[in-house]
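So the sequence lines, in the order shown, correspond to chains A and B.
If you read the first sequence in this note's numbering, its first letter stands for residue 268, the second for the next number, and so on.
If you read the second sequence in this note's numbering, its first letter stands for residue 303, the second for the next number, and so on.
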Amino acid sequence: MAMRIRPASKDGESFCHMDPLGHFRFESSWSSISLFLFKFKPTNGAGGANPSVELVIDHVIPIIGEFSISVALSKRNTVDLRNPSSPLTMNQPRTELRVTINHGHHLSPDQNTEHITLLANDLQRLRSVLEECKRLNQISNENVGPATVSGTHAWVLPYLSTASPAFSAVPFDVRLSNSPLHTRLSPASAGFPGDDLADIQLIREEWIPRAAKVICDKTKTRRDLKIRIGTFNVNGNLPTQDLGAWVGGSDHDADKMLPPLKKLSEITLGESDDKGDELSGSPDILVVGFQELDLSTGALLYSTEAFRENAWTSAVFAGLGERHELYDKLVSKQLVGMLIMAFVKKNVKECFEDVKTTAVGAGILGVMGNKGATGIRLSFRPKHPSGAPSLPTVLTFVNSHLAAFEDMVDRRNTDFHDLSSRMQFVRRTDQTPETPTRNLPQVVVSVFDTDVLFWMGDLNYRIDLPSQTIRTLLTWPGLEEVNLAELRKYDQLRNAIRERKAFEDFKEADLTYLPTYRFAIGFSTDQLGYDVKRKPAWTDRILHMHSKTAPVKQLSYHGHPSVTMSDHRPVSADFVVSCDVIELSEYEMTTRKLHRQVLYMEEEEAPPKISLEPSSIDFGTVGYLRSVTRALEVRNIGKIPCAFRFVPLEVEELICPPWLLIGTVTGLLLPDESVTVSLTIDINCEMAAELNRFRPRLEVTLILHVGLGKDHFVPVSAKYEPTCFANTLSYLTRLSGPIRDVKSADDLLSEDEAKNAPKEFMRLVNRLMSCDGVDASALFTTRGDLKVVEIIRECLDTGKQFVFPKEYTNSVISVGFGEALLRLLDSLTEPLIPSSLNSACEAVTSKDEGFEVSLPHPSRASWRSLAYTLLLIRNCVAPDSFWTNFHMPP
Amino acid sequence: MSKQFQFKLVLLGESAVGKSSLVLRFVRDQFDDYRESTIGAAFLTQTVTLDDSTTVKFEIWDTAGQERYKSLAPMYYRNANCAVVVYDITQSTSLDKARSWVRELQRQADPSIVIALCGNKTDLNARRQVSQEEAKKYADEEGLMWGETSAKSGEGVSDIFTAIAKKLPLSTPQSRPGASRASAPGTQGGVDLNRRLGATEQSDACNC
């Protein structure tokens, strides 16, 4: 029973001097009182749906025992100019007060029991808070005599254990942990540091758990958790087939129809673990999601019937074959037609803790359960080798059924956002024997407050192509891989993810299986068994998202055509999650220690100081596709921790030009610590196209801003060597010599003087034409050695003779020339044949028609180059082998 | 109630004229005989009390004087309410450099910017190359404030900042557009570059 008192300092924004120390509030329970210290939670750009200011608990100080709060004048210096006789009087204190709070208890040896210091400048409010504290302290001492935190103040314990986000067992939002930190900092630029205080907080909050994990690295172990996930829209059916292929990953008895359930286990008995290699060993946890479990209208209204769930549970166990003995059903959650179930191996069952479920409807009226989602959240806590409890890895699984019909894609996107924001798991804070559960505050966490999130289900996304095109692509012989890739381009879900309309930042393995919807029986089917009235689509999907600390590797992603009992086919995926097994107590102690080291860094009197080595960076010469990296050492040479970030020259600009990559954009350094920031120049085709025109010097001054400190300048320079790649053909024909020798526009030939075809191009073609005794079929059809290509490019750029080291054979060199020609053509900023003519060219069926297709403004360079290319193809390459094996460089 | 005004001040001038030393003397009342050249822009604050009810907080950007960083200076003097252009009285070339800074400020900076020309190193009077008359005459012509200082002895340092504080328009209270550091708790977000100093009408700003 907590009673809340809010004294005069309710609107505490003006009360405290510093940002993180905003708010006082009192909470009292009978005779036990605690002082709550709040700070402002920096709102995060990403995912911060709520723009209002949020407060988070910074400190909880039980008012017991030796608790004390005192005030002193602060020693901030200012210049007083009222007295002209002393030009520099430096000791004029302003009305700034230093508040010191001493803990009255010692909870545990590693607990932060140092005093807390705050700055304030509102004397009036401070006075009322102080008086209140003294009064409450008196009451506390009078009432219970020797108070203890675990006794009289037991209710406050959960707050103590989660007082700082750094200690919290709830993982950060997985979406935030994936978005680079610097994108969430306040907008800043040279001379405009933005909101340094909020930025320092963000950098610090990200740094603490990361640094703690580095420190715990020595004692940590790794545990690979194998997870198999399945999704199946069963169209209201009860299980009538073996699910072995789907749940067990054994596809051997694919086409067998197995009528009654009872015989299943006998048939699959003795066949297990036959899918070796990466899948060796069965999954530790199997999570299956069903949709349309029950299509009867009654199910919408009263849906707790366990009959169907039991039937499918038995079918899953049967599908596991003899391995079913290894598993237990851990938890399930049903909402009308949607059911999610988790099965775990018995030997790891006790590692799964804090199991929670949730369900949210999204169908009729937005809440009925014909569409919606059900979810499971669990903490995986394998024993640390020391036997001590470990830091949990939180796994969340969502099974959803989104809006149907091809044109409802917007509705599906909305459904996703609606479901993901409304799905919540209620968890209690850490339960310890001495804390009675009934008083524990409940913590509500979202599906994104997790280390790994799996999202499966009938998401109902379709393919945006005409029905006949889809069917033709699916049945075209010999080109399955290529055609599936083509179909993938029109998959609504892929496009929604790319356009950031839904499932942002989720990952999905390539869809290499056939669409799983919609199958029919009888006359109304096409040759693959798809219903002729519905477009085939990949409606059934499994996606995932993970934080940096729990890397996920996907091992498989399959449809299971052998399970034919529904109009959908089931889909399965295998994953391995690499979980750090870190001793919980060590981690907590480390985070507390780190937290103490950096907690008040923004209030220190000493200025933050860093040094940069080297003070400027010269890359020397750089060129097309030659990646060069240099190191910049940032060292903290001050007495206090400091946060740093690179900032752009102007707020809306990029931190550095596109040709430069900065490895570490933001960070935090303790005194004497240093970090090596990698700077990389990698000129790709697009950049080369711009730089090739007389931009030999690449120069920029990077600005490294230290939180509440200096802007440091880091001049970066490089000399760019132009290349004949990534130009236009007509530009190349105007070069008077090798491109490296052309220093300015004055060195270019005029339009009239321009050559017939680029010299570089001619050199390649001539060389290829003279490749006698070389297996011409290898040209263009096998990949060339990139080292050879680089040598060729260098010779073209400098005009030197082609000379190759002895280790390259003639055929390797010839194939290299073929590759170089393809890459040169591919790098052209205007294609050899204008893209506007592509469709006209495709329609050509004979040589005569081909001549009819004319270039609108034929440039001599293009004509000549094209003619030479065609001649080369005719002369060198056997036409048959050429056209069937032709490839373009990536 | 006392009023606090906040102004952005930028220091410009040739390398090694003593900009950083001047700020160090003003903010911490310290002096180092050997200071490294500033590679970047240091940010410091100092509050001056004008009278019982008025304080002025200077947000000072001490910029690098080296020529190679000249292109970055506009980032620091844009939106500045005042600029101190420093030269070394023992180097006549540094006054030429100061003149070019003044020209640039007059062309590029906010029209209402208060510019003070400051001749530093008066402790080295024996080696003086720039006469007071010459500098004063130039300052008068251009409508600049002018003074001489010694960061080493402290002579004249506070005078020049006080004079600037008094010169600044104290009519608009509290947060001036130039104030870049968010000081109120809970204030989020960055700097609105469109909120230029709305002082083009304040004609008294830079006429000495």
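For glycine and all other residues, C-beta sits at the position ideal for the given N, C-alpha and C.
With the rule of 3 Cβ pairs closer than 8 Å, the stretch 708-720 of chain A does not count as touching the stretch 737-745 of chain A. Only buried fits A:Arg451, as 16 or more other CB atoms lie within 10 angstroms of its CB.
In the displayed model, A:Val1082 falls within a helix according to three-state DSSP.
CA-to-CA, the gap between A:Phe683 and B:Ile362 works out to about 50 Å.
In the three-state reduction of the DSSP assignment, A:Cys909 falls in the strand class. Between A:Phe647 and A:Leu935, the alpha-carbon positions lie close to 30 Å from each other.
For A:Val983 and A:Phe886, the gap between their C-alpha atoms comes out near 8 Å. Counting along the chain, the unbroken alpha helix (DSSP H) around B:Asp398 starts and ends at 394-410. For B:Tyr378, the enclosing alpha helix (DSSP H) covers residues 375-379.
Boundaries for A:Pro476: no beta strand (DSSP E) harbours it, while the alpha helix (DSSP H) harbouring it runs 463-482, taken from the DSSP string.
Near chain B, meaning a CB-to-CB distance below 8 Å, the residues of the stretch 439-461 of chain A are Ser453, Pro454, Ala455, Ser456, Ala457, Gly458, Phe459, Pro460, Gly461. Taken through DSSP and simplified to helix, strand or coil, A:Ile730 comes out as strand. Beta-bridge annotation (DSSP): A:Tyr824 is paired with A:Ala840.
Classified as buried, A:Phe334 has 16 or more neighbouring CB atoms from the shown chains inside 10 Å of its CB.
When Cβ-Cβ separations below 9 Å define contact, B:Ala418 makes no contact with chain A. Flagged as an interface residue toward chain B: A:Thr968, by a C-beta distance shorter than 9 Å.
Counting along the chain, A:Ile849 sits inside no alpha helix (DSSP H), nor does DSSP assign it H or E at all.
The Cβ of B:Gly342 sits closer than 9 Å to at least one Cβ of chain A. Taking the Cα of A:Ser563 as reference, the smallest distance to any Cα among A:Val1055, A:Thr1136, A:Val583, A:Val603 is reached at A:Val603. The C-beta of B:Tyr336 has fewer than 16 other C-beta atoms within 10 Å across all chains shown, which makes the residue exposed.
In this structure, A:Leu996 places its C-beta atom within 9 Å of the C-beta atom of A:Leu1095. In this structure, the CA atom of A:Ser882 is about 27 Å from the CA atom of A:Leu464.
Annotation: the continuous alpha helix (DSSP H) that includes A:Met1036 extends over 1026-1036.
Note on geometry: alpha-carbon atoms of A:Asp621 and A:Gly789 lie some 48 Å from one another. With a threshold of 9 Å between beta carbons, B:Phe345 makes contact with chain A. For B:Arg337, no Cβ of chain A is located within less than 9 Å of the residue's own Cβ.
Per the coordinates, the alpha-carbon of A:Ser1003 lies some 33 Å from the alpha-carbon of A:Thr947. Here A:Cys952 carries a helix assignment [DSSP, helix/strand/coil].
Exposed is the label assigned to A:Met1036, since fewer than 16 other Cβ atoms lie within 10 Å of its Cβ. Here the alpha carbon of A:Leu916 sits roughly 5 Å from the alpha carbon of A:Ala457. Counting the other CB atoms within 10 Å of its CB gives A:Ala898 a total below 16, which places it among the exposed residues. Between B:Leu397 and B:Asp364, the gap from beta carbon to beta carbon reaches 9 Å or more.
With respect to the C-alpha of A:Val830, the residue from A:Ile482, A:Arg394, A:Val514 having the closest C-alpha is A:Val514. Using a 10 angstroms sphere on the CB of A:Cys991, the tally of other CB atoms reaches 16 or more, which defines it as buried. Closer than 9 Å at the C-beta level to chain A, one finds these residues of the stretch 381-398 of chain B: Asn381, Ala382. Of all residues in the stretch 975-992 of chain A, those with a C-beta nearer than 7 Å to a C-beta of chain B are Gly976, Lys977, Asp978, His979, Phe980, Pro982, reading in chain order.
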